Amino acid sequence: MPETTVDLSTSFVSGSPVALKLHAFTKLSDADREALERISKRVRVVDARRDLINEGDSPTHVHLMLQGWAARYKALPDGKRQIVGLFVPGDFCDLNVYILNQMDHSIGAITRLKVAMITPEEMDELTSNFPRITQALLWHELVSAATQREWLLNVGQRTAYQRLAHLFIELYLRLRTVGLTQQNSCDFPLTQNDLADATGLTPVHVNRMLQDLRRDGLIELERKHLRIPDIERLMDVSMFNPNYLHLNHEGAYLDSNE
Amino acid sequence: MSDGLPLDGRHILVVEDQYLLARDVCEWLEAAGAEVIGPAPNSGRACELLEGRNVDAAVVDINLGNGPTYEVASRLVERKVPFIFATGYDQAVIPAEFEAMPRLEKPFRGTDLVRAVQALSPA
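Protein chains in written order, with our numbering: chain A, 39 to 296; chain B, 57 to 179.
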């Protein structure tokens with residue numbers, strides 16, 4: 039059996055989603071938190087279902103999700119597309135992306151978004167003066183890459199039923215890390231089409247699998263709200279191992295002693 | 057089976073570059089009984105899809121990434137296919153020749169879209 043316990047300590051800390059997320063790695067100081075607040079001041083609002091940035095655009099800022107959900111997607115010339123990642127509050131969309139000339143993928147808003155637009159200068163200032171944040175950001179990028187590997191495994195090897203179950207658990211845990219769950223529930227704004235695009239299934243297949251997951255008492259999904267009656271059971275079913283999310287305070291050696 | 061649906065069996069071309077929105081538009085049209093052609097993310101693809109196909113109506117976003125474009129609209133007028141402009145927040149001034157075309161302002165709901173497409177008279 040893989041390890042299925044997750045450190046819940048982050049649920050008891052208050053702060054911005056990004057501070058909560060980085061806190062899953064290491065304990066930030068007040069000065070660290072203030073620095074994160076400072077870079078979150080330039081806010082862009084994107085309406086639901088609109089693109090935040092498109093493939094081919096020249097990236098000028100680092101985006102930090104403050105509110106809402108977004109999807110990273112890639113397209114084929116014939117119009118077929120796949121959602122290759124999801125962003126929730128506290129997630130950066132590609133640190134250092136501004137060193138690239140153009141975006142190799144698009145990011146679209148699932149819900150109305152509030153996004154902090156961080157300049158390269160602000161990022162430099164942050165990483166030069168706040169070494170603990172710098173380490174936490176490296177952790178953030180490693181977790182993003184690990185999540186991408188898990189998604190690849192998900193689409194390649196899990197059954198349709200498990201793929202969806204896995205996606206529900208992952209998002210639930212990611213939202214819990216940033217304080218956006220209530221007991222066993224959370225917002226879940228993805229449509230069945232979005233789920234299909236994120237799991238490589240057809241909408242019809244997704245619809246059937248959701249019925250099965252509901253029938254088996256694993257999820258309750260109503261009006262964009264998810265409830266997971268038994269988290270351990272859903273983890274078992276989806277063969278979920280939370281190790282790739284690295285939520286167990288691996289940066290304890292860096293903890294602020296404030 | 058789909059008897060009585062407002063867009064039953066009608067072939068509707070969707071031209072929209074914002075993928076998530078395009079997905080919603082297709083879903084709404086299909087739920088209303090339409091057969092969706094597309095979604096086409098750009099003019100080139102839209103014109104390709106129009107070739108040799110029976111298209112009853114179209115929903116066309118004017119802004120396909122690089123500012124307003126009317127290539128698809130012109131082609132639709134040529135082929136006498138009725139259509140709706142789905143206009144964005146970055147609303148451009150619509151040229152005189154297309155001024156009479158019905159518009160639907162984003163963000164719109166599925167019911168508004170279906171009603172607007174239904175109101176298009178068959179050419």
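We put the beta carbon where it would ideally sit given N, CA and C, even for glycine.
Predicted model only: the values in this text are computed from it and were never measured.
Could one say the Cβ of L169/B lies closer than 8 Å to chain A's Cβ atoms, at least one of them? no
I148/A touches chain B at which residues, Cβ-Cβ below 8 Å? L76
For V83/A, does the count of other Cβ atoms within 10 angstroms reach 16, so buried, or fall short, so exposed? exposed
Closest Cβ-Cβ distance between A113/A and chain B: below 8 Å? yes
What's the call for R165/B, buried or exposed, on a 16-neighbour Cβ count within 10 Å? exposed
State yes or no: is the beta carbon of D80/B nearer than 8 Å to at least one beta carbon in chain A? yes
Own chain partners of P97/A with C-beta closer than 8 Å, once the 5 adjacent residues on each side are dropped: I91, D132, V135, Y136, L138, Q140, M141
Touch check for the stretch 103 to 112 of chain B and the stretch 125 to 137 of chain B: three-plus C-beta pairs under 8 Å? yes
Give the DSSP bridge partners of H99/A, in chain order. H99/A pairs with nothing; no bridge assigned.
Roughly how many whole angstroms lie between the Cα atoms of A90/B and A175/B? 14 Å
Closest Cβ-Cβ distance between A114/B and chain A: below 8 Å? no
Per DSSP, E91/B is paired with what? H67/B
Report the partner residues of G123/A according to the DSSP bridge assignment. R110/A
What is the residue span of the beta strand (DSSP E) that E260/A lies within? 258 to 260
Enclosing alpha helix (DSSP H) for L233/A [first to last residue]: 230 to 237
What's the gap between the Cα of F139/B and the Cα of E83/B? 18 Å
When A62/A, L264/A, L102/A, T185/A are compared against F130/A, the one with the closest alpha-carbon: L102/A
Name the chain A residues that come within less than 8 Å of P163/B, Cβ to Cβ? D85, A86, R87
Is A96/B close to chain A, meaning its C-beta is less than 8 Å from at least one C-beta of that chain? yes
Nearest to Q105/A (by Cα), restricted to the options Q173/A, F125/A, L191/A: F125/A
Which residues in chain B have a C-beta closer than 9 Å to the C-beta of N231/A? List them in chain order. L76, R79, D80, C82, E83
Pop quiz: A172/B and P158/B are said to be a contact at Cβ under 8 Å. What is the actual Cβ separation, rounded to whole angstroms? 6 Å
Cβ-based neighbour list, Y126/B, same chain, cut-off 6 Å, excluding 5 preceding and 5 following: none
What residue does the alpha helix (DSSP H) around E160/A start on, and which one ends it? 158 to 167
Is there a Cβ from chain A that is less than 8 Å from the Cβ of G166/B? no
Interface partners of R101/B on chain A, CB under 9 Å: P115, D116, G117
Look at the Cβ atom of V111/B, then the Cβ atom of V71/B, and state whether they are nearer than 8 Å. no
List the whole-angstrom C-beta distance separating R88/A from G128/A, where the pair is believed to meet the contact cut-off of C-beta under 8 Å. About 21 Å; that fails the 8 Å criterion.
L283/A in three-state terms, based on DSSP: helix
In chain B, what lies closer than 9 Å to A109/A by C-beta? Y75, L76
Do the stretch 216 to 234 of chain A and the stretch 242 to 259 of chain A make contact, defined as three or more Cβ pairs closer than 8 Å? yes
Given a threshold of 16 other Cβ atoms within 10 Å of its Cβ, counted over all protein chains shown, does S276/A qualify as buried or as exposed? buried
Checking 8 Å against the spacing of the C-beta atoms, do Y199/A and D250/A come in under that value? yes
Tell me whether the beta-carbon of P13/B lies closer than 8 Å to the beta-carbon of D80/B. Residue 13/B is absent from the model: chain B starts at 57 and stops at 179.
Around the C-beta of H204/A, are 16 or more other C-beta atoms found within 10 angstroms, so that it is buried, or is it exposed? buried
Give me the residue from A114/B, S99/B, A78/B with the minimum Cα distance to H67/B. A114/B
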